[in-house]
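Line order of the protein sequences matches chains P and C. Numbering follows the working numbering, with no gaps: position 90 of the first sequence is 90. Every position in the second sequence, counted from 1, becomes a number in the working numbering once 128 is added. For glycine and all other residues, C-beta sits at the position ideal for the given N, C-alpha and C. Since the structure is predicted, the reported quantities are computational estimates derived from the model, not experimental observations.
Protein chains: 2
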Amino acid sequence: MERNTHQKQCILNALEELRGEHPTAEKIYETVSQTLPTISRATVYRVLNQFAGQGVLLQLHVPDSGDHYDNNTMPHSHLLCCDCKRVVDLESPQLPTFDIPSGDASGCRITGVEVLFLGQCPHCAAKF
Amino acid sequence: MERNTHQKQCILNALEELRGEHPTAEKIYETVSQTLPTISRATVYRVLNQFAGQGVLLQLHVPDSGDHYDNNTMPHSHLLCCDCKRVVDLESPQLPTFDIPSGDASGCRITGVEVLFLGQCPHCAAKF
DNA sequence: AAACAATTGAGATGTATTATCATTAAGGGG
DNA sequence: CCCCTTAATGATAATACATCTCAATTGTTT
């Protein structure tokens, strides 16, 4: 059965501390290292994958960057800022919510969808 | 000015030959190598990036895989088959087409969106 | 406490891609 | 048609991100 280790708890704590920042595995590693200096990168990557598989957190695939993680598992969209490369939450009531169809004309079975908006975060959008 | 090299033409030919397969850079390299054995991987990656930046072809970011390329620049959706890992075109007339909003409540500027469906390709969906 | 198995740490390894830089060749001007 | 300039290329090193390997450790069950 799955074991409850100190490392896992520290990783969850780091994710809570960084809530809203959508940190990368490397960023989480750096954060956890401050309280647990002997933790290994391998452990961080392993545990993050495990948690993502369990639905405890979201794994965000970001082009030209490592994966980012989000402990907010409520359904919401993300935007990659093309200027500062940060991932931010999108909060548009009118944002098209995807009703995922189960199949298509050519015989595909559709089980999920990944959506990532591109543009500028509020900070970079205000720059001019 | 931009030069029209033999290498670029061979890469375009390979993309046409592989049309519909959404090949990776590595696959394109292998294909071009058959007619141009001395071509370098660096050239393939460079040219593909250049073409993608010019809109000559689409660059598809696929999780846990290298980028895939598509010389069909007509707007259409893609699905990653979770079984065989192939990228296939989705042809659903009723697939929700995204009207990209220009901004959101929190001040983001939205300029684009990446959408990737997950599921099974027609071949793998028919397996049971 | 003993035993067993899941987990970890350290570092090697793998995969995809870009950087560096000397050499080559595209394409315009004379 | 040849020269010149400079973009483009080829070879390879370097980087980034992530996973694999395996001995050592540590939860958990007995």
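Within the same chain, Leu246, Gly247 and Gln248 come within 7 Å of Cys210(C) by CB-CB distance, once the 5 residues on both sides are set aside. Take the alpha-carbon of Met202(C) and the one of Ala52(P): they are about 34 Å apart.
Taking 7 Å as the cut-off between beta carbons, the residues of the region 43-63 of chain P near chain C are His61 and Pro63, in sequence order. A contact is defined here as three or more CB-CB pairs under 8 Å, and the region 159-166 of chain C fails this definition with respect to the region 187-207 of chain C.
The C-alpha of Ala142(C) lies about 14 Å from the C-alpha of Thr171(C).
If only complete runs of 3 or more residues are kept, the region 176-226 of chain C shows the beta strand (DSSP E) at 186-188, 196-198, 205-209 and 215-218, in order along the chain.
By the criterion of at least three beta-carbon pairs nearer than 8 Å, the region 77-92 of chain P is in contact with the region 14-23 of chain P. Between Tyr197(C) and Leu185(C), the CB-CB gap stays under 7 Å. Beta-bridge annotation (DSSP): Glu114(P) is paired with Leu244(C).
When CB distances to chain C are screened at a threshold of 9 Å, the residues of the region 116-127 of chain P falling below it are Leu116, Phe117, Leu118, Gly119, Gln120, Cys121, Pro122, His123, Cys124, Ala125 and Ala126, in chain order. For Arg109(P), the secondary structure class from DSSP, reduced to helix, strand or coil, is strand. If you draw a straight line from the Cα of Leu80(P) to the Cα of Arg237(C), it is about 10 Å long. Taking all protein chains shown into account, Thr111(P) has fewer than 16 neighbouring C-beta atoms within 10 Å of its C-beta and is therefore exposed.
Rounded to the nearest whole angstrom, the CA to CA distance from Ile228(C) to Asp195(C) is 24 Å.
Between Ser106(P) and Glu219(C), the gap from beta carbon to beta carbon is short of 7 Å.
Residue-level contact check: Ile139(C) does not touch chain P, since none of the beta carbons of chain P fall below 7 Å from its beta carbon. Nearest CB-CB separation between Gly107(P) and chain C: below the 7 Å threshold.
Inter-residue distance for Gly103(P) and Thr159(C) is about 32 Å (C-alpha atoms, whole angstroms). Take Glu114(P), set aside five residues on each side of it, and the residues of its chain with a beta-carbon closer than 8 Å to its own are His61, in chain order. At a cut-off of 7 Å, the C-beta of Val32(P) has no neighbouring C-beta in chain C. Ala25(P) is classed as buried because its beta carbon has at least 16 other beta carbons within 10 Å across all chains shown. A straight line joining the alpha-carbon of Leu116(P) with that of His78(P) spans about 6 Å.
For Lys8(P), the uninterrupted alpha helix (DSSP H) segment begins and ends at His6 to Glu17.
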